[in-house]
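**Q**
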Amino acid sequence: MPPKQKKTFEATLELEAGNAAMVDLGKMLGPTGANTRAIKLEYDEATAAQRGDIVPVVVTVFEDRSHKLRLKTPPTSFLIRKAIGAKGGSATPGHKSGGTLTGAQAREIAERKMPDLNATTLDAAVKVVAGTARSMGVTVTD
Numbered sequence: 197m198p199p200k201q202k203k204t205f206e207a208t209l210e211l212e213a214g215n216a217a218m219v220d221l222g223k224m225l226g227p228t229g230a231n232t233r234a235i236k237l238e239y240d241e242a243t244a245a246q247r248g249d250i251v252p253v254v255v256t257v258f259e260d261r262s263h264k265l266r267l268k269t270p271p272t273s274f275l276i277r278k279a280i281g282a283k284g285g286s287a288t289p290g291h292k293s294g295g296t297l298t299g300a301q302a303r304e305i306a307e308r309k310m311p312d313l314n315a316t317t318l319d320a321a322v323k324v325v326a327g328t329a330r331s332m333g334v335t336v337t338d
């Protein structure tokens, strides 16, 4: 087993799945000396099935300039906007509705987000999703 490498840099980036922008990678990872082209190719290959979604990735760069990627689930707000078919939530949450999210859609989003949420049960995860929806001005129906 090789010795454990010391990490020198770690960053979370929100990139478009299957089509990461070299500009975003270059801005964050250029100073580390990591091979941004290799990171882009690896990310694009790993997220090709989710093309069009925003998929966060934690990029860890080690002393020898090698790297490791850890994919996360798309942001809850992105999944809510995608489910209701809107570009964004309400400009004035609490006053104007930004759309309607059904309980089934909230459950589906919670199931997808479960690995990254700080919830132990699916019902708790649904409450987290519903809270995010409310903060966006999106009404959650049962």
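Numbers given in this note's numbering equal positions in the sequence shown, counted from 1, plus 196. Here a beta-carbon is modelled for each residue, glycine too, at the ideal position from N, C-alpha and C. The structure presented is a predicted model; accordingly, all values stated were derived computationally and were not measured.
#1: Using only the alpha-carbon positions, how far apart do D319 and L265 sit?
#2: Could you work out which residue in G327, K278, E210 is closest to Y239 when comparing CA atoms only?
#3: Between the beta-carbon of D312 and the beta-carbon of K268, is there less than 9 Å?
#4: Taking 9 Å as the threshold (C-beta atoms), are L221 and F205 in contact?
#5: Under 8 Å: do the stretch 287 to 304 and the stretch 325 to 337 share three or more Cβ pairs, one atom per stretch?
#6: Can you find the residues in the same chain that come closer than 8 Å, C-beta to C-beta, to T328, ignoring five residues on each side of it along the sequence?
#7: For P252, which three-state DSSP category applies?
#8: Quick one: residues in its chain with C-beta nearer than 6 Å to the C-beta of R303, no 5 flanking neighbours on either side, listed in chain order?
**A** Let's see:
#1: 30 Å
#2: E210
#3: yes
#4: no
#5: yes
#6: T272, S273, I276
#7: strand
#8: V322
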